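A.B. asks: Provided herewith is a single structure, encoded as structure tokens, for subsequent inquiry.
Numbering (our numbering), first residue to last: -6 to 283.
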């Protein structure tokens, strides 16, 4: 009996290994191997990385104005965009949870950005914010000086608005699902003990919403990096300074076959994302422990 049981356990393990083999092979082929090649390229120079140059590529990239501009714009976009998205989505979800007038209709409106093609949305934005667009025509009619909304610093805020419009609905729905699973008994007990609205928010809602807030932040970061499409459509391959993101730097170096600088920037991007996600994970655990 022991031998038969051991044979069955062995077959289960082998079955699990065979089932996981395609995923493991795909991970190695499309992630681990390219990442290893990327690291090698970042320390070499020449066709196929034939010359080892140490940290010279890193020095060149860090001293590059294009990389510095892309890094600053990307970090600023992530910091402002993701923070605003989480805060606005969270308090909107709280309002909907209270069941205020119009909140049911608002739920359906939130789904609108998820079904509209982003290219069509960008075309509408260009028509609205163009130099001779709808917004400037309205400003002229009321005697206010017009502005170049798609150029200079203003382009950053147009792109930020596009990101918030695109991510807001999904984040609200995600956070609303988290609010709905918090037992009402917790709030009733806190009310009996004399806790106010702020105390309930800090002591009950935020700790229990930590996993959903973490997921919303991660998805917000992912959507922020997807905003390259909008930036590309608004400004082309060489957009204005305010919307020149790290993805533009990567794409331009790829087109110029400069794989060494491309590899350095990709590694730095990976490390920054890893650092941010680890920080969010630790913050989530801290709230859960409370």
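Glycine residues also receive a C-beta, built at the ideal position from the N, C-alpha and C atoms. Being a predicted model, the structure only gives us computed values, none of them experimental.
Measuring straight from C-alpha to C-alpha, what distance separates residue 115 and residue 262?
C.D. replies: On the chain shown, position 122 is the one that residue 115 refers to. On the chain shown, position 269 is the one that residue 262 refers to. For residue 115 and residue 262, the distance between alpha carbons rounds to 26 Å.
A.B. asks: Can you round the beta-carbon distance between residue 121 and residue 128 to whole angstroms, since I take them to be within the 8 Å contact cut?
C.D. replies: Counting from 1 along the chain shown, the entry for residue 121 is found at position 128. Counting from 1 along the chain shown, the entry for residue 128 is found at position 135. Yes, residue 121 and residue 128 are in contact; Cβ-Cβ is about 6 Å, under 8 Å.
A.B. asks: When you compare each of 236, 225, 271, 278 to residue 59 by their alpha carbons, which one comes out closest?
C.D. replies: The residue given as residue 59 occupies position 66 in the chain shown. The option with the nearest alpha carbon to residue 59 is 236.
A.B. asks: Check whether the stretch 79 to 94 touches the stretch 176 to 193, taking contact to mean three or more Cβ pairs, one atom from each stretch, closer than 8 Å.
C.D. replies: Verdict: no, contact absent.
A.B. asks: Measure from the alpha carbon of residue 83 to the alpha carbon of each residue in 30, 107, 162, 8, then state which is nearest.
C.D. replies: Along the chain shown, read from residue 1 onward, the residue named residue 83 stands at position 90. If we check each option's Cα against that of residue 83, 162 comes out closest.
A.B. asks: Alpha carbon to alpha carbon, what distance is there between residue 105 and residue 252?
C.D. replies: Along the chain shown, read from residue 1 onward, the residue named residue 252 stands at position 259. Along the chain shown, read from residue 1 onward, the residue named residue 105 stands at position 112. Between residue 252 and residue 105, the C-alpha separation is close to 39 Å.
A.B. asks: Mind the definition here: the stretch 140 to 158 touches the stretch 68 to 81 only if three or more C-beta pairs lie below 8 Å; say whether that holds.
C.D. replies: Touching, yes, given that three or more Cβ pairs across the two stretches are closer than 8 Å.
A.B. asks: For residue 202 and residue 38, what's the separation of their Cα atoms in angstroms?
C.D. replies: What you label residue 202 is simply residue 209 of the chain shown in a count that begins at 1. What you label residue 38 is simply residue 45 of the chain shown in a count that begins at 1. Taking the straight line from one Cα to the other gives about 48 Å.
A.B. asks: Ordered along the chain, which non-local residues of its own chain (more than five positions away) have a Cβ less than 8 Å from that of residue 266?
C.D. replies: To locate residue 266, count along the chain shown from 1; it is residue 273. Closer than 8 Å at the Cβ level, and outside the excluded window around residue 266, lie 214.
A.B. asks: Here's the rule: buried if 16 or more other CB atoms are within 10 angstroms of the residue's CB, otherwise exposed. What is residue 242?
C.D. replies: Here residue 242 is taken as the residue at index 249 of the chain shown, counted from 1. Label assigned to residue 242: buried.
A.B. asks: Below 6 Å CB to CB, which residues in the same chain sit around residue 119 once its five sequence neighbours on both sides are set aside?
C.D. replies: Taking the chain shown and counting its residues from 1, the one referred to as residue 119 is at position 126. Within the same chain, residue 119 has no close Cβ partners at all.
A.B. asks: Between the Cα of residue 273 and those of 173, 210, 160, 219, spot the shortest distance and give me the residue it belongs to.
C.D. replies: As a position in the chain shown, residue 273 is number 280, starting the count at 1. Residue 273 has its Cα closest to that of 210, out of 173, 210, 160, 219.
A.B. asks: Kindly identify the DSSP beta-bridge partner or partners of residue 44.
C.D. replies: As a working note, residue 44 is residue 51 in the chain shown. Beta-bridge pairing links residue 44 to 38.
A.B. asks: On the CB-based measure, 16 or more other CB atoms within 10 Å of its CB, does residue 54 come out buried or exposed?
C.D. replies: Position 61 of the chain shown, counted from the start, is the residue given in the question as residue 54. Under this definition residue 54 is a buried residue.
A.B. asks: Quick check on this structure: which residue in 61, 34, 20, 87 has the alpha carbon closest to the alpha carbon of residue 198?
C.D. replies: Here residue 198 is taken as the residue at index 205 of the chain shown, counted from 1. Among 61, 34, 20, 87, the Cα nearest to that of residue 198 is on 87.
A.B. asks: DSSP three-state label for residue 104, please.
C.D. replies: Counting from 1 along the chain shown, the entry for residue 104 is found at position 111. Here residue 104 sits in coil by DSSP.
A.B. asks: Since residue 222 contacts residue 111 with CB under 8 Å, what's their CB separation in whole angstroms?
C.D. replies: Stepping through the chain shown from its first residue, residue 222 is reached at position 229. Stepping through the chain shown from its first residue, residue 111 is reached at position 118. Correct: roughly 6 Å between the Cβ atoms.
A.B. asks: Let me know if residue 239 comes out buried or exposed under the rule of 16 or more other beta-carbons within 10 Å of its beta-carbon.
C.D. replies: Locating residue 239 in the chain shown gives position 246, counting from the first residue. Looking at its Cβ environment, which holds 16 or more other Cβ atoms inside 10 Å, residue 239 is buried.
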